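Chains as they are written, first to last, in our numbering: chain A, 320 to 884; chain B, 54 to 274; chain C, 147 to 347; chain D, 8 to 124. Don't be surprised by glycine CBs; every beta carbon is placed ideally from N, CA and C. The structure presented is a predicted model; accordingly, all values stated were derived computationally and were not measured.
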Amino acid sequence: MNTHQKHGFWHRYFFSLDHKDIGFQYMLTIFFMVAIGGFFAYVFRMHLAFPDMEVPLFGLVTNTDYNMLITNHGLIMMMWLALGMLLAVAGNYLIPILIGTDDMAFPKLNKLSYWFFLISVILMVTSFFLPKGGVRGGWTMYPPLSVGDFGYNTPYATFSDRFFSSNSFVLLAIVFEFTALLMGGVNFFVTTLNKRAKGMTLMKMPLVVWMINIASVLFMFSVGPLVAGTFMLLLDINVGTGFYDPYRGGDPLLWEHLFWFFGHPEVYVILLPPLGILAEVISVNSRKPLFGYKFILTMTLIAAVLSMMVWAHHQFVSGIDPRAATVFSIFTIIISFPFAGIILAYIATMWYGKLRFNLPMKWAVGSVVLFTLLGGFTGLHLGASVFDIYAHDTSFVVAHFHYTLFPTVIFGSFAGIYYWFNKFSGRELNKTLGNLHFWLTFIFFNGFAFPLFLLGLAGQQRRVANYSQIEFLMQDPLPLYRQIATISAVILILTQFIFLFNFIWSLLKGKKVSTDNPWEANTLEWQTSSPPPHGNFKTYPIVYHGPYEYNIPDRDTDFTPQNEK
Amino acid sequence: MNIFPENASSYGAEIDFIFWLITIVVAVAGVVVLFLVLYPIFNRKKDYTKEQRYLKGDNFKQLRWIYLGIVLLAIADFSFLFKEESTWTKIEETLPNKDLHIAVIGRQWMWEFVYPGPDGKLYTDDDVKAINQLHIPVNATVHMDIQAYDVIHSVFIPNARFKQDALPGRSITRWVKMTKTGEYPLTCAEICGIAHANMKATITVESEEDFNKTIAKLYKE
Amino acid sequence: MKNSSKKITWRQIPQARLAVWALIAGEFAIFGGLIVLYILNRLKYESWGEMAQHTNVIAGTINTFVLLTSSFFVVKAHEAAVHKDKQKIKLWIWLTIACAFMFLGIKTYEYTHEIMHGFTLPGNALLAEGKTVEVMYWSFYYTMTGLHGLHVIAGALALFFVMRKVTKTEENYHHIEAAGLYWHMVDIVWIFLFPLIYLIH
Amino acid sequence: MSAQHTPPPGLEHEVLVPQDPDYHGHPNYLKIYISLLILFAITVFASLIHSPLLVFIVVFVISIVKASMVLLYFMHLKWEPKLIWLLLGLALMTLLFLIIGLYPDVVPITRYLIPKP
Ligand code: HEA
Ligand code: HEA
Ligand code: CUA
Ligand SMILES: [Cu+2]
């Protein structure tokens, strides 16, 4: 059975071809990255609230440090945490087992994809230690600045100066990461289409499989032009071409377009997998079929297509044609309709249900509430181009995207981790610690992010190292808001150690699970042993039911495993 | 409520109005959503029959409430969209007749303001330059050619609800009309390097005569 | 057997081919993005036409011919794979790889000539002449053809390894088609690059 | 190798995936090849016209025809399931959006004013 346990550490964590091991490798790597990203957040948050203080564990934060910290925080969180956690970890771990097959279609490609990811992580981390320090131009890397010190003005910089700069390294890291995710995406796509268990029609697949696949395909198409653009930026930096240099026929606006052409679909690439996870969790814990499976799917597809037509809402005031901005504004507002449909369908699933308000469910409900009320709805504020004139590049935007990203990425991942922990470890997480973790995270996340709205409305720009020189931002009560945000953020980050402890401790010493199907769920992963053996199933399941058939009227139990007649 | 900085431009109030309009719309929607989520959570004990629970939402009849929600949201959205777009047209797509034409140029890390000299034309030899100090007459429509030398900057005047990125290689003309005299901050809102945080200027809005005096003084220097 | 237009459903499509199709769609987005950028800039700067006259149209024409022919060879290899004829598979694939080498050889010749004339990637010589905008034409030229050249190399390698595998050990004949698909993709990209870069003055 | 586990029973349907590559039609490849060459020749001669715009249009249209011939016959897209069409269609749609969105900001050059300081 457990063939992998015969192999040593290196085998399991480096050369394994098993999709579950690869998923786990991804997860550990990402935890490592998140620790860096979270630490950076701690440092610059402290600096913002207490500008003159030496930050414990870091020291005095200079302007350069600050720019470097936020840039890498943004990059790590978006590219390595969000994309990685949701496409790579969720996709790798969940897809084969949820569709009832033994492994990915191309296990070797899968391994290769993890290695590329690892290379990208190594490049990213080395970039901090290069002579000139990490990247500092904001995670969006708008060109004339990101071409940086090797810019169009210093043709005499040597090639090695240019190449061994953090700018080149980070761009290369991003290219590697995209390649890794593209390989993963192709793999998911083929696996889902070709390797489903007998009887598992497309409409009987759990929604999360759909969501991850839609996200992968969306990623694949939207990233194409940016890959080309990244090569061009690399050439600008290393060879001295002028693709983005206005004085040589180039145009910095071009990069903004390419970046956001990917960047906006990216946020939906990030959003869809957690929505899938929420669908699983909410349906199981409401003991009800997911309300409107096909409806949700249709809405998702509509949103995916629409998401390619709204990118310039990040550029309303960047000098694009104002008439085009009108069009983008309208599409931006329109894209909220499909999401309204999805969210309302999730909520409808909970109605008339026999709710189990357990840990995964708490994360799921928290995610829906926060994402909708403060994330999605403020998206509408920003989507209104006129208000965006004022709000663009203020803390209002920062608050908006933390309220969309945190509930989806972090809450969604935690919902997933708490839900599937029993499965992949064969042990249980401690519930008390889990509850503590949830409530502290919930409260202090709000404590951190909500003041940013108020600061943003008061006109506080983002990416500013030191507000103390800008008088109008030092009027009461703005410094107080900043301190509240900081203190909450620090507690929020510390709270994560509770989770970390719980996770490691339970993984090694936790209570062994007593049953393979603790949530009484229908989907296939719960119909095999925990943790699943290599190859996932002893005999291949044959699927008879949809994934969400709870409370079928003439049955004794309130759940019906997919592979049960 | 003054969660915004004091408004001092002719169109600032309209932008604030849009904000409140959207906020009210989404607050109403938010209360509805919150109720919808919390009700089943606090009503967990109630026992429904299996038939009641086995709701798959695969036909229009069951989905009708959701469609209704989307339609309501659509109506609300479009109601503010029209207002919003007409304001946008007014602010960004049209240029009212100008009283003064200046250039605002961002460079690492200061703002350069160029006024037309005595000949009243910009981009001639007698232009007047000022660093980090912008003077404009009150109640005058000012056209600004926004430009940058090195990297992207962004002109942000919170009190005027004015923001425009300054791109190297491009000149983008926007207008503003200040309605109150006083001194207002102007900051840079796009990261532009080490001293991005310090890249700020002051706008002094003054009466016509004061303004002319200032320019004359600057020209002499 | 010829022209039997038997359609297959997506459940039947072999994994390798499905993966290559997905890959091709992804590559289309990358190259397509680059080509879109080129076209837009081309529309903006009329003076690029003048630069296009400095390309070696004859070499480009020969190269197009070479690639088209190689596409034909690959498809013949696929036909041989259908008949499980290992000898013929080898023959056609080797011919294709020979074409790849020829293409790369001619490309190298072109590159050296252009670089000798001062049309380099950063284009310092042109910059010195004050032709600031024209430099970008050459930047695009090298980026697009260079990226394409890398794909030619990758495609040739893929064909080589697949051929070895199919003829020596595993008899997964349909892998020939999958690799061939990738090669056709490289050809299609060139079909667009050639006129856009060389022909429009 | 850890990948070596025999597929348990129940996976028979997997055998549906044909090992035999001959499950779609085969056009006459030589014919296609020759017509491609002819189109190619037309392209080269068309480029001698002295009107860049006309050349652009003619050449581009021919390129599309050529590309779709390669796609349809050499790559057997004609016999592929709709799914593949969808995939390629989506890629083209992306590019369409990109070109429409970028056009107003890239092509008109009237907003360029200032020379390098
Ligand atoms: C997961 C990430 C995520 C998600 C899902 C979203 C979702 C949305 N975002 Fe956000 N956004 C970001 C991440 C995300 N965003 C990031 C990272 C940035 C900044 C990047 C940077 O500059 O660094 C950003 C920036 C950003 C901007 C640019 C701001 C600026 O820089 O000036 C805009 C502008 O339009 C915007 C709009 C929207 C909109 C309209 C949505 C919509 O999709 C939201 C739709 C959802 C809803 C509207 C809620 C559901 C609705 C209901 C439940 C209805 C209920 C109905 C009834 C009761 C009737 N976002
Ligand atoms: C997924 C994305 C994500 C997440 C989760 C976060 C999380 C946090 N962010 Fe981040 N942030 C961004 C994406 C994200 N951010 C982006 C894209 C930017 C823009 C950058 C730019 O302007 O260029 C930004 C910018 C940004 C700013 C604005 C800086 C500025 O403009 O001046 C601030 C300021 O307060 C901030 C703070 C925080 C804080 C305190 C957290 C905290 O919530 C962090 C706490 C969370 C964790 C620590 C991780 C969760 C824990 C686990 C998954 C368990 C494992 C943990 C360990 C092993 C430690 N962020
Ligand atoms: Cu200039 Cu920031
Ligand atoms: Cu967006």
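C/Gly-172 has its alpha-carbon roughly 21 Å from the corresponding atom of A/Leu-573.
Residue pairing for B/Phe-209: DSSP places it in a beta bridge opposite B/Lys-216 and B/Thr-240.
Look at the segment 236–276 of chain C and you find these whole runs of alpha helix (DSSP H), each 4 residues long or longer: 270–274. Here A/Ile-639 carries a coil assignment [DSSP, helix/strand/coil].
For A/Pro-657, the uninterrupted alpha helix (DSSP H) run begins and ends at 655–669, by DSSP. DSSP places A/Tyr-345 in no beta strand (DSSP E) but in the uninterrupted alpha helix (DSSP H) bounded by 338–368. In the three-state DSSP reduction, B/Glu-165 falls in the strand class (E or B). Around the C-beta of B/Lys-273, fewer than 16 other C-beta atoms lie within 10 Å, and the residue is accordingly described as exposed. For D/Thr-50, the closest Cβ of chain A is not nearer than 8 Å. Annotation: A/Ile-736 to A/Leu-431 spans about 25 Å, alpha carbon to alpha carbon. In this structure C/Tyr-255 is exposed. Its beta-carbon is surrounded by fewer than 16 other beta-carbon atoms within 10 angstroms. Within the segment 773–784 of chain A, contact with chain B at the beta-carbon level (separation under 7 Å) is assigned to Leu-773, Leu-776, Ala-777, Gly-778, Gln-780, Arg-782, Val-783 and Ala-784. Contact between D/Leu-109 and C/Val-182 holds: their C-beta atoms lie close to 7 Å from each other, under 8 Å. Contact with chain B is absent for A/Val-528, since none of that chain's Cβ atoms lies less than 8 Å from the residue's Cβ.
Against chain B, a Cβ distance below 7 Å from A/Ala-664 picks out Gly-110 and Ile-119. A/His-711 has its Cβ no nearer than 7 Å to any heavy atom of ligand 3. A residue is called buried once 16 or more other Cβ atoms fall within 10 Å of its Cβ, and A/Lys-681 is buried on that count.
Cα atoms of B/Val-195 and B/Trp-164: separation of roughly 17 Å, rounded to the nearest angstrom. Looking at C/Asn-209, C/Met-331, C/Val-203 and C/Thr-291, the one whose alpha-carbon comes closest to that of C/Met-248 is C/Asn-209. In chain order, Ile-71 place their CB closer than 7 Å to the CB of B/Glu-137, counting only its own chain and leaving out the 5 sequence neighbours on each side. Among the residues facing chain B, A/Tyr-361 is not included, as its CB has no counterpart in that chain under 8 Å away. Taking 7 Å as the cut-off, one finds at least one heavy atom of ligand 4 near enough to the beta carbon of A/Val-629.
Between B/Ile-119 and A/Ala-643, the gap from beta carbon to beta carbon reaches 8 Å or more.
Here DSSP, grouped into helix, strand and coil, assigns B/Met-197 to strand. Counting only Cβ-Cβ distances below 8 Å, D/Ala-98 has contacts in chain A at Phe-540 and Gly-543, in chain order.
In the structure shown, A/Val-546 falls within a helical segment according to DSSP collapsed to helix, strand and coil. B/Gly-159 carries a strand assignment under DSSP once its states are collapsed to helix, strand and coil.
Remark: fewer than three beta-carbon pairs, one from each stretch, lie closer than 8 Å, so the segment 233–244 of chain B and the segment 431–451 of chain A are not flagged as touching.
A/Val-728 has its CB nearer than 7 Å to a heavy atom of ligand 2.
By the criterion of at least three beta-carbon pairs nearer than 8 Å, the segment 568–585 of chain A is in contact with the segment 96–112 of chain D. For A/Leu-554, the nearest CB of chain C lies under 8 Å from its own CB, placing it at the interface with that chain. Within the segment 572–589 of chain A, the residues whose Cβ lies closer than 9 Å to any Cβ of chain C are, in chain order, Leu-573, Leu-577 and Phe-580. When secondary structure is reduced to three states using DSSP, A/Ser-787 falls in the helix class. In the three-state reduction of the DSSP assignment, B/Val-229 falls in the strand class, which pools E and B.
DSSP places A/Val-509 inside the alpha helix (DSSP H), whose first and last residues are 485–513. Residues of chain D whose Cβ lies closer than 9 Å to the Cβ of C/Ser-217 are, in chain order, Tyr-40, Leu-43, Val-77 and Phe-81.
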